[in-house]
Amino acid sequence: MIDRIALFGRRGLNLVASLGRAGQFLFGVLAGVPRPATGFPLLVKQLYAVGVLSLAIVVVSGLFIGMVLGLQGYTILSDYGSESAVGQMIALTLVRELGPVVTALLFAGRAGSALTAEIGLMKATEQLSSMEMMGVDPLRRVIAPRLWAGFLAMPMLAMIFSVVGIWGGMLIGVEWLGVFEGSFWGNMQSSVEFVDDVLNGLIKSVVFGFVCAWIAVYQGYDCVPTSAGISSATTKTVVYSSLAVLGLDFVLTAVMFGDF
Amino acid sequence: METSAYISLRNVVFSRSGRRIFDGVTLDVPRGKITAIMGPSGTGKTTLLRLIGGQLRPESGEIVVAGQNVPALRRKALYRLRETMGMLFQSGALFTDLSVYENVAFPLRVHTKLPEDMIRDIVLMKLEAVGLRGARELMPSELSGGMTRRVALARSIALDPELIMYDEPFAGQDPIAMGVLVKLIRDLNSSMGLTSVLVSHDVPESLSICHHACILADGKVIGQGTPEELRAHPSEQVQQFLGGKPDGPVPFHYPAGAVAGDFGVAGGGV
Amino acid sequence: MAQRSLEVIVGLFMLAGLGALLFLALQVSGLSPKSAEQTYTLYADFNDTGGLAPRGKVSMAGVKIGSIESISLNKDTFQARVTMSINGDIDNIPADSAAVIRTSGLLGEQYIDISIGGDMDSLAAGDTFYATQSAMNIERLISNFASGK
């Protein structure tokens, strides 16, 4: 029994210690002033790896989720004779919740795991160490561009996801099920508020992007430099990112849309 | 001795995960010479290089490199000092996403503001020195183990360092590649006036090129001197290592509890 | 891949993201570019605001002209005081107009409709509507109907 409690305490201490290390790590990454001449090409390269390469999965998922929302929404709303509200329902769901959250989950799986594996492998093959010995700080050279790229790419992807989803919903609702196009857009426009819905969704995706990128690069940098260590770090990235995104989503939703 | 030492360690103590790796190591690396640091695997030879490079900090003791006490240096000064060091990692540690050419150009691009054509000249010169000028367009994944090490060597001398550290340069190399590396290390040392530190457990190769050697065991220096002095060293431990005898003062067994305890013959252990 | 084409692709990606944001702003939330214009405040006192809520719309002839800022209780009159912000370019609401709480559809959300009066003077910023009509309470309506009053 005492052993169990001690184990619990040790886990707690480990958790606090690793949070502390992650914070210290973040400080080390962000402390340096980036030099535009060397930093920009590195950032572009990472934006390509993290953003552009995630585009396909984000667009395809967005399209399907929008189409499903169109179908489900139409079925439910037509019971009340208000199927013209389907546009409003799709837009609000996507812009407020599904856009940022699903994109962040896809991002963690597609880009986050790749970041962790890449950095972990660089650590295992002593590339980070050798960079350090060359007088180059790997935190700034390797980690910082990846963190910033995640931070910048995620909101872009979330916006694209929402737009593609709304378009997919329109395909189903308007083209297939015959909702009048004017009321589809009209209902949407009268109920979606730019500041309350679109901007809040954007803020969510910025927060998620930062958290996912942070977790991914930290797990890579902190991993045990063996093949087992890298694979467990990659798994941790996906699990922790997903949990962090869902948890933070609740907190942010409560702050943004809750009435208190 | 004191004035000609490029690196000197004084009573360095270091432990990792509860195990004491160095217990008061004191040694000197003379300037402009090749110094071999030898010892059985697991005695922390690589750790020693990391201590010299400032990647790890000792619990106590001094590590003076080129007149500066490394553990006490601030970040900026440490990074500046590292620009004068080259290190050849055991795996080569080439950047896998860059070509051979870009790998060698990397330190130049980061630390100098040289124009592109000058960088090109320097890179090709360094690659020529290791005999791989023709391989400049290859990616690291297309190189053999020996070639990887030679490219890494070209990269570590790109900035014309004062000190170069080799971490197990001969491990896992075929005899030809090993011969090439031995020749390269010797040539670089004599032509560029480098101070070289060589960490290895390959006794014949190391002794054939070094001017000065230290043998580490059990966290201590058990013998140092020129290769001739070491061969004539009175210590049994030194002779065991140089001669490659399986048992002797360096124990065959990893420290363990009494045999009886593990096999349960001492009775009563339920 | 050459640095140049990498930059072009990443540039296109960023443009696509910003374009998506623009689409969400203009087409989805119906934000018109001049929406950051000035608004002015009007008040109205109601006996019963029913399910009226902040951020609800204020409309005239079915067209949205503003939104509800806040709803508070006036302790002296025991009436609800609704603060509305009205678009600045609707500056000619006749002074004797009435603020009416209506429901969109049978069960939809409640909003304030302004039924236009005939006065030559207009309401200015900070004015209060003279005439109001409170929320239609279906329960009360039914009980009134049933008791034949």
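Residue numbers (full-length UniProt numbering), protein chains in the order written: chain A, 1 to 260; chain B, 1 to 270; chain C, 1 to 149. No residue lacks a Cβ here, since even glycine has one placed at the ideal position from N, Cα and C.
Any C-beta of chain A under 9 Å from that of residue i
i	result
R55 (chain C)	yes
M14 (chain C)	yes
L21 (chain C)	yes
F14 (chain B)	no
F106 (chain B)	yes
G268 (chain B)	Residue confidence for G268 (chain B) is low, a pLDDT of 49 falling below 50, so the modelled location carries little weight; the figure read from the coordinates is stated next. Judged by the 9 Å Cβ criterion, G268 (chain B) is not in contact with chain A.
V10 (chain C)	yes
V82 (chain C)	no
I3 (chain C)	According to the sequence as given, residue 3 (chain C) is Gln; it is not Ile. Yes, Q3 (chain C) lies at the interface with chain A (some Cβ there is under 9 Å from its Cβ).
Q27 (chain C)	yes
Q55 (chain B)	yes
R80 (chain B)	yes
G30 (chain C)	yes
E102 (chain B)	no
G17 (chain C)	yes
M85 (chain B)	yes
A93 (chain B)	yes
Inter-residue Cα distance where the pair is residue i and residue j
i	j	result
S4 (chain B)	F13 (chain C)	59 Å
I157 (chain B)	Y166 (chain B)	12 Å
M1 (chain B)	T84 (chain B)	The pLDDT assigned to M1 (chain B) is 41, lower than 50, so where the model puts this residue is not dependable, and the model offers no usable value.
V239 (chain A)	G99 (chain A)	19 Å
G269 (chain B)	A258 (chain B)	A caution first: G269 (chain B) carries a pLDDT of 46, below 50, which makes its placement in the model unreliable, though a value can still be read off. Their Cα atoms are separated by approximately 13 Å.
M84 (chain C)	I76 (chain A)	34 Å
G44 (chain B)	I37 (chain B)	11 Å
T226 (chain B)	L242 (chain B)	13 Å
V192 (chain A)	A6 (chain A)	52 Å
R57 (chain B)	V101 (chain A)	43 Å
K183 (chain B)	L163 (chain B)	18 Å
K57 (chain C)	I71 (chain C)	13 Å
S8 (chain B)	G112 (chain A)	44 Å
S129 (chain A)	D222 (chain A)	13 Å
V104 (chain B)	V217 (chain A)	26 Å
G24 (chain B)	V64 (chain B)	15 Å
Bridge partner(s) assigned by DSSP for residue i
i	result
R19 (chain B)	B:R16
T128 (chain C)	C:Y43
T195 (chain B)	B:L163
V68 (chain A)	Its beta-bridge partners do not exist; DSSP assigns none.
P94 (chain C)	C:S122
T35 (chain B)	B:V197 and B:H212
residue 275 (chain B)	Look at the range of chain B in this structure, 1 to 270, and you will see that residue 275 (chain B) is not part of it.
L27 (chain B)	B:L9
V64 (chain B)	B:S8 and B:N69
9 Å Cβ cutoff, residue i in contact with chain C
i	result
W185 (chain A)	yes
A244 (chain A)	no
D197 (chain A)	yes
A91 (chain A)	yes
F180 (chain A)	no
F194 (chain A)	yes
V95 (chain A)	yes
Integer-rounded CB distance, given that residue j should sit under 8 Å from residue i
i	j	result
P161 (chain B)	G86 (chain B)	4 Å
G87 (chain A)	M188 (chain A)	4 Å
G168 (chain A)	G66 (chain A)	3 Å
L159 (chain B)	L108 (chain B)	7 Å
A117 (chain A)	T234 (chain A)	5 Å
G62 (chain C)	Q110 (chain C)	No, G62 (chain C) and Q110 (chain C) are not in contact; Cβ-Cβ is about 15 Å, not under 8 Å.
M82 (chain B)	G42 (chain B)	Note on identity: in this sequence residue 82 (chain B) is Arg, with Met being the wrong assignment. No, R82 (chain B) and G42 (chain B) are not in contact; Cβ-Cβ is about 26 Å, not under 8 Å.
N47 (chain C)	S147 (chain C)	That belief does not hold up - the Cβ atoms of N47 (chain C) and S147 (chain C) are roughly 20 Å apart, past 8 Å.
G39 (chain B)	L216 (chain B)	4 Å
L92 (chain A)	I172 (chain A)	Contact doesn't hold; Cβ gap of about 17 Å is too wide.
I34 (chain B)	C214 (chain B)	That pair is no contact at about 12 Å.
A154 (chain B)	L127 (chain B)	5 Å
N74 (chain C)	D45 (chain C)	6 Å
Contact with chain B by residue i, beta-carbon distance below 9 Å
i	result
Q127 (chain A)	yes
D222 (chain A)	no
D79 (chain A)	no
G229 (chain A)	no
L121 (chain A)	yes
E175 (chain A)	no
Interfacial residues, the segment 58-79 of chain C to chain A, with Cβ spacing under 8 Å: Along the segment 58-79 of chain C, going in chain order, the ones with a CB nearer than 8 Å to a CB of chain A are K64.
Cβ-based contacts, 9 Å cut-off: residues of the segment 140-171 of chain A near chain B: R141
Just by C-beta distance, which residues in the segment 50-63 of chain A are closer than 9 Å to chain C? Here the close residues are G51, V52 and L55.
Identify each residue in the segment 39-50 of chain A for which the Cβ-Cβ distance to at least one residue of chain C is less than 8 Å, and report them in chain order. P41, V44, K45, L47 and Y48
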